[in-house]
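Colleague:
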Amino acid sequence: MSVEQRLSDLGITLPEPARAVANYVPWVISGKLVSISGQLPTTKDGPIKGKVGKDLSVEEAAQAARHCAINIIAQVKDACGGDLSRVRRFVKLGGFVNCVDDFTQQPQVINGASDLIADVFGEAGRHSRAAVGVNSLPLGVPVEIDALVEIA
79 MSVEQRLSDL GITLPEPARA VANYVPWVIS GKLVSISGQL PTTKDGPIKG
129 KVGKDLSVEE AAQAARHCAI NIIAQVKDAC GGDLSRVRRF VKLGGFVNCV
179 DDFTQQPQVI NGASDLIADV FGEAGRHSRA AVGVNSLPLG VPVEIDALVE
229 IA
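If you want the working numbering, it's the position in the sequence shown, counting the first as 1, plus 78.
Here it is as structure tokens:
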């Protein structure tokens, strides 16, 4: 089954990839690797906001992480000239969770992204990962995730 079919089966329509808003680029290709800049949990209604453990539950934050993954896939598609079949493997996700000081469930939050990537890309979506708690993120969002992806 194609990646596009899996996205369709999951009811996911990829958004237009977000453009850079500062001095960086959304993605860089070096050899067979695509580095995706940190993606925020933005939807058609704007960014999801809040601090995990105060404003958002683990489940709500995991849904925000899922939105980050959707935005990562949109960037990968852009980097691949619209052809997601070029993806060979998701190598790594780096997850940052805006959370209260005593919060310890960062891995469960980032699972929202990891699970979606694995659902969409199958075995090629299984990746290494970091899940780190931070005290603040841009725009007050609960999560930001970057990615490293191998392409053909």
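For every residue, glycine included, the Cβ atom is placed at its ideal position computed from N, Cα and C.
Could one say the Cβ of residue 127 lies closer than 8 angstroms to chain D's Cβ atoms, at least one of them?
Modeller: In the structure shown, chain D cannot be found, because there is only a single protein chain.
Colleague: Are the CB atoms of residue 202 and residue 223 nearer to each other than 8 angstroms?
Modeller: Position 124 of the sequence shown, counted from the first residue, corresponds to residue 202. Position 145 of the sequence shown, counted from the first residue, corresponds to residue 223. It is not a contact, given that the beta carbons lie outside the stated cut-off.
Colleague: Kindly indicate which three-state DSSP category residue 117 falls into: helix, strand or coil?
Modeller: Reading the sequence shown from its first residue, position 39 is the one you call residue 117. It is a strand residue.
Colleague: Look at the Cβ atom of residue 147, then the Cβ atom of residue 195, and state whether they are nearer than 8 angstroms.
Modeller: What you label residue 147 is simply residue 69 of the sequence shown in a count that begins at 1. What you label residue 195 is simply residue 117 of the sequence shown in a count that begins at 1. Yes; because the gap between Cβ atoms is below 8 angstroms, this pair is in contact.
Colleague: Skipping 5 residues on each side, what residues in its chain have a beta carbon closer than 6 angstroms to that of residue 142?
Modeller: One-based indexing of the sequence shown puts residue 142 at position 64. Within the same chain, residue 142 has close Cβ partners 119, 126, 220 and 221.
Colleague: Output yes or no for whether 8 angstroms exceeds the beta carbon distance between residue 152 and residue 112.
Modeller: Mapped onto the sequence shown, residue 152 falls at position 74. Mapped onto the sequence shown, residue 112 falls at position 34. Against a cut-off of 8 angstroms, the Cβ pair of residue 112 and residue 152 comes out as no contact.
Colleague: Using the C-alpha atoms, what's the distance from residue 131 back to residue 183?
Modeller: Your numbering for residue 183 matches position 105 in the sequence shown. Your numbering for residue 131 matches position 53 in the sequence shown. C-alpha separation (whole angstroms): 9 angstroms.
Colleague: According to the neighbour-count rule (16 or more other Cβ atoms, all chains shown, within 10 Å of its Cβ), is residue 134 buried or exposed?
Modeller: Within the sequence shown, numbered from 1, the residue matching residue 134 stands at position 56. Answer is buried; the Cβ neighbour count reaches 16.
Colleague: If you measure between the beta carbons of residue 140 and residue 187, is that distance less than 8 angstroms?
Modeller: Here the question's residue 140 lines up with position 62 in the sequence shown. Here the question's residue 187 lines up with position 109 in the sequence shown. Yes.
Colleague: To the nearest angstrom, report how far apart residue 229 and residue 86 are at their CA atoms.
Modeller: The residue you call residue 229 lines up with position 151 of the sequence shown. The residue you call residue 86 lines up with position 8 of the sequence shown. Roughly 22 angstroms separates the two Cα atoms.
Colleague: Since residue 168 and residue 205 should fall inside the 8 angstroms C-beta cutoff, what is the C-beta to C-beta distance between them, to a whole number of angstroms?
Modeller: Along the sequence shown, read from residue 1 onward, the residue named residue 168 stands at position 90. Along the sequence shown, read from residue 1 onward, the residue named residue 205 stands at position 127. Sure, about 4 angstroms apart at Cβ, within 8 angstroms.
Colleague: Note down, in chain order, each residue of its chain lying with its Cβ closer than 8 angstroms to the Cβ of residue 110, except the 5 sequence neighbours on either side.
Modeller: What you label residue 110 is simply residue 32 of the sequence shown in a count that begins at 1. Correct list, in chain order: 166, 228, 229 and 230.
Colleague: In this structure, how does DSSP classify residue 75 when only helix, strand and coil are distinguished?
Modeller: Nothing in the structure corresponds to residue 75, since the chain is present only between 79 and 230.
Colleague: Going straight from the alpha carbon of residue 104 to that of residue 145, what length do you get?
Modeller: Numbered from 1 along the sequence shown, position 26 holds the residue referred to as residue 104. Numbered from 1 along the sequence shown, position 67 holds the residue referred to as residue 145. Near 16 angstroms, if we compare the C-alpha coordinates of residue 145 and residue 104.
Colleague: With distances taken between CB atoms, is the gap from residue 225 to residue 171 smaller than 8 angstroms?
Modeller: Position 147 of the sequence shown holds residue 225. Position 93 of the sequence shown holds residue 171. For residue 225 and residue 171, yes; Cβs fall inside 8 angstroms.
Colleague: What residue range does the beta strand (DSSP E) around residue 222 cover?
Modeller: For the purposes of this step, residue 222 is taken as the residue at position 144 of the sequence shown. Here the beta strand (DSSP E) through residue 222 covers 221-229.
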